[in-house]
Structures are given as structure tokens and as C-alpha cells.
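Residue numbers for the sequence shown follow this note's numbering, so the first one is 107 and each next one is one higher.
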Amino acid sequence: MEAYWRFGIFLGVYLLAALLESFFPKRPPTQPKIRRWFINFSLVSINILVQRFTLGAAAYLTAVYAQGHGWGLMSVLNLPFWAEALISFLILDFAIYLQHVMSHALPVFWRLHSVHHADLDIDASSGLRFHPIEIVISIIYKSIIVAALGVDPWVVIAFEATLNGAAVFTHANICYPDKLDWILRLLICTPNMHRVHHSTARDEMDTNFGFFLSIWDRFCGTAHHLPPRAGHEKVALGLPYIREQSRLGLLQLLIMPFRITRQTASLGLSPDLVNGKTENAQDI
107 MEAYWRFGIF
117 LGVYLLAALL
127 ESFFPKRPPT
137 QPKIRRWFIN
147 FSLVSINILV
157 QRFTLGAAAY
167 LTAVYAQGHG
177 WGLMSVLNLP
187 FWAEALISFL
197 ILDFAIYLQH
207 VMSHALPVFW
217 RLHSVHHADL
227 DIDASSGLRF
237 HPIEIVISII
247 YKSIIVAALG
257 VDPWVVIAFE
267 ATLNGAAVFT
277 HANICYPDKL
287 DWILRLLICT
297 PNMHRVHHST
307 ARDEMDTNFG
317 FFLSIWDRFC
327 GTAHHLPPRA
337 GHEKVALGLP
347 YIREQSRLGL
357 LQLLIMPFRI
367 TRQTASLGLS
377 PDLVNGKTEN
387 AQDI
């Protein structure tokens, strides 16, 4: 049942975002859409299979087990359901924010997360583009948080559905009024905010880490409220050291974490790029 709820909400948000993108695009595509969509949805299919045969529903099942055995902080606090739900949701969202920060800060995680950032355009499908190993690590991480908190299973369902929908929305290539964006970003992460995060500029890439609530970026000093220096329509997206289509195929993305250079993994930049050159760095 949990999977059906998540999939239904995700599908609705994705179809709405894709429809808005087709009628009100923010940026013209720089890459062939069909090729990008094939790669992104192929990764989605692989991730679905990986979750199906590994730890797909671990967070929900952990919540069920924890509730049945009196585990976690919420069982100790014994608050009203609405208070437990609100606190649990906020802590889970902050945990995802921290996970995203760690994905950029720690080289071993950046190797995996770079697959997500390698997309040279971003749209709703980009919100689904993650390396399978990163997905499994994320499932384990969320399950640990759920067990420690003793989150109610229904809160887990609501959070997972919100997280999936927010990932699609924040990557959507939708044009809408700037005034609306400034209102929305007071509470939630918007496509204009997250587009800055996908800039090739390191000082812009390491900002706006939130997936759903925008408050964590403001509280932790990682918010970037201005548009990219090049503007939303012209900013270069993706990784500055991997721009060739031949290095962005499905197989290349799957092995990317094992071929990325040491300095790239630690700095987010290739040695050649740091030295002002355009040649690609040697792989490990």
C-alpha cells in the first residue's frame, strides 16, 4: 500500500510538471531531449529494480517495527499525534538537507552524487536521476533516522511522497513570475533556487541544498537568493569537467563513481580545469 501511495502522488506531480514544462519552459534545451530522457528514465528503471530486490520499503517497514516495539524518541515524548508528525517531518527534511550537504562535502559520496549533477540540462526527469548505490545508501540513512525517532508509518509515507514530488518540482524547467518565486521560497525550495545549485560554478553549486523546505539553507547559511551570474536562461548546467556526450551515456554514468579523478572527487573540479586547461583529467 505504501508503494502505491508514493507512486500515485509522484506520478501526478511528474505529469503536472512535464505538462507545464511543455507549455511554459524556462530554458531552451541545449541537449537532445530524447537521449536525456532515455538515460534518466533508464536510471529510474534500474533504481526501481534495485529497490525492489534490496531495501525498497525499508524506511516504512522500520517505522512499523519501531512503533510496534516502542522504539525511538517519539515513544518517549508521548506527544499528540499532530505534534509528533510535525516534529518528525521537520527532522526528516533536515536530515535530507544534511545528507545532500554531505554528498558534496565528502569525496566518497560526491563520486556517487556527481551522476545527478552531470545532467547538462535539468527538467522534471533530472529529479529522478541518481546512481543506484546512492539510492541504497539514502534508504539506509533514512531508515536509521526513522528508527531513532520512532516515526509513525503514515508520517513516513507522507514524507516519502513529499520528497519524491519535491525532487521532481525543484528540477522542473518551468517559467513562472519572479514574484511568485520569492513568495514560494519563503517556505519551500523552488526551481529557480535549485537551478542555481546545478550551475557549473563551484560557489553556486555549493548552495541551495534543500529538497523541500527552504528554511534549512537560510538557517545554515547555504542559501543563494540571487539568480546565477549568467542568468537562468544562459547559465551552464552540469559538471564543468564532463561535457562530452560520449562520457554521459547510461553505462558511463553507472561507472562514473569509479572513474572520477581524485581531485575531482575532493574539489568538484578536475586538475586540468583548476590549472586553467580544457583537457580532461586522467581517470584513477
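Beta carbons are placed, not taken as given, at the ideal position from N, Cα and C, and that holds for glycine.
Please read all numbers here as calculations on a predicted model, not as lab measurements.
Selected residue, minimal CA-CA separation from residue i, among the options
| i | options | result |
| --- | --- | --- |
| L198 | D309, R235, L343 and I245 | I245 |
| S148 | E339, I251, G344 and F236 | F236 |
| H300 | D229, T136, I239 and C326 | D229 |
| L125 | E350, A342, A278 and Y171 | A278 |
| F187 | S220, D309, I152 and D258 | D258 |
| D309 | S320, T296 and P346 | P346 |
| A264 | K340, A191 and T168 | A191 |
| G392 | T296, V182 and M208 | Past the edges of the chain, shown from 107 to 390, lies residue 392, and the structure says nothing about it. |
| V150 | W177, F113, S128 and A189 | F113 |
| S194 | H175, V262 and S128 | V262 |
| R291 | L121, L269, R324 and A273 | R324 |
| F130 | P283, L185 and H331 | P283 |
| E350 | Y110, A329 and T136 | T136 |
| M208 | V302, L319, F315 and Y110 | F315 |
| Y247 | R158, Y166 and S181 | Y166 |
| L269 | N298, L196, K340 and V302 | L196 |
| L161 | I243, H219 and N184 | I243 |
| W111 | A189, W260, K285 and Y171 | W260 |
| N128 | W177, S231, A273 and L179 | A small fix is needed here, since residue 128 is Ser in this sequence, not Asn. Closest by alpha carbon: S231. |
| K285 | V302, A273, H331 and I251 | H331 |
Residue i in three-state terms, based on DSSP
| i | result |
| --- | --- |
| I239 | helix |
| D389 | Any reading at D389 must be qualified, since the residue scores a pLDDT of 40, below 50, and its modelled position is unreliable; the value itself is stated next. It is coil, neither helix nor strand. |
| I228 | coil |
| P131 | strand |
| R368 | Below a pLDDT of 50, predicted positions are generally treated as unreliable, and R368, at 46, falls in that range; no measurement from the model is reported. |
| L343 | strand |
| S244 | helix |
| L293 | coil |
| L234 | helix |
| S320 | coil |
Proximity below 8 Å, CB of residue i to CB of residue j
| i | j | result |
| --- | --- | --- |
| P334 | S352 | no |
| M142 | P363 | Checking the sequence, you will find Arg at residue 142 rather than Met. No, these two residues do not count as a Cβ contact at 8 Å. |
| F317 | V119 | no |
| I202 | G355 | no |
| H338 | K139 | no |
| G256 | Q173 | yes |
| A267 | T168 | no |
| S320 | I294 | yes |
| N153 | P238 | yes |
| A336 | A329 | no |
Anticipated Cβ contact below 8 Å, residue i with residue j, distance rounded
| i | j | result |
| --- | --- | --- |
| L226 | G344 | 4 Å |
| A123 | I280 | 7 Å |
| F116 | G271 | 6 Å |
| A224 | I348 | 6 Å |
| S249 | A164 | 5 Å |
| F215 | W322 | F215 to W322, Cβ: 18 Å. No contact. |
| V221 | L357 | In fact, because the Cβ distance is near 12 Å, the residues do not count as touching under 8 Å. |
| F312 | H210 | Per the sequence shown, residue 312 should be read as Asp rather than Phe. Indeed they touch by this definition, with Cβ atoms about 6 Å apart. |
Residue i at chain D interface by Cβ criterion, 8 Å
| i | result |
| --- | --- |
| R308 | Here there is only one protein chain, and chain D is not present. |
Next item on the list: Report the residue ranges of all alpha helix (DSSP H) runs contained in full by the segment 121-181; include only those spanning at least 4 residues, in chain order.
Entry: Every alpha helix (DSSP H) of 4 residues or more that sits fully in the segment 121-181 is shown, in chain order, as 139-159 and 164-174.
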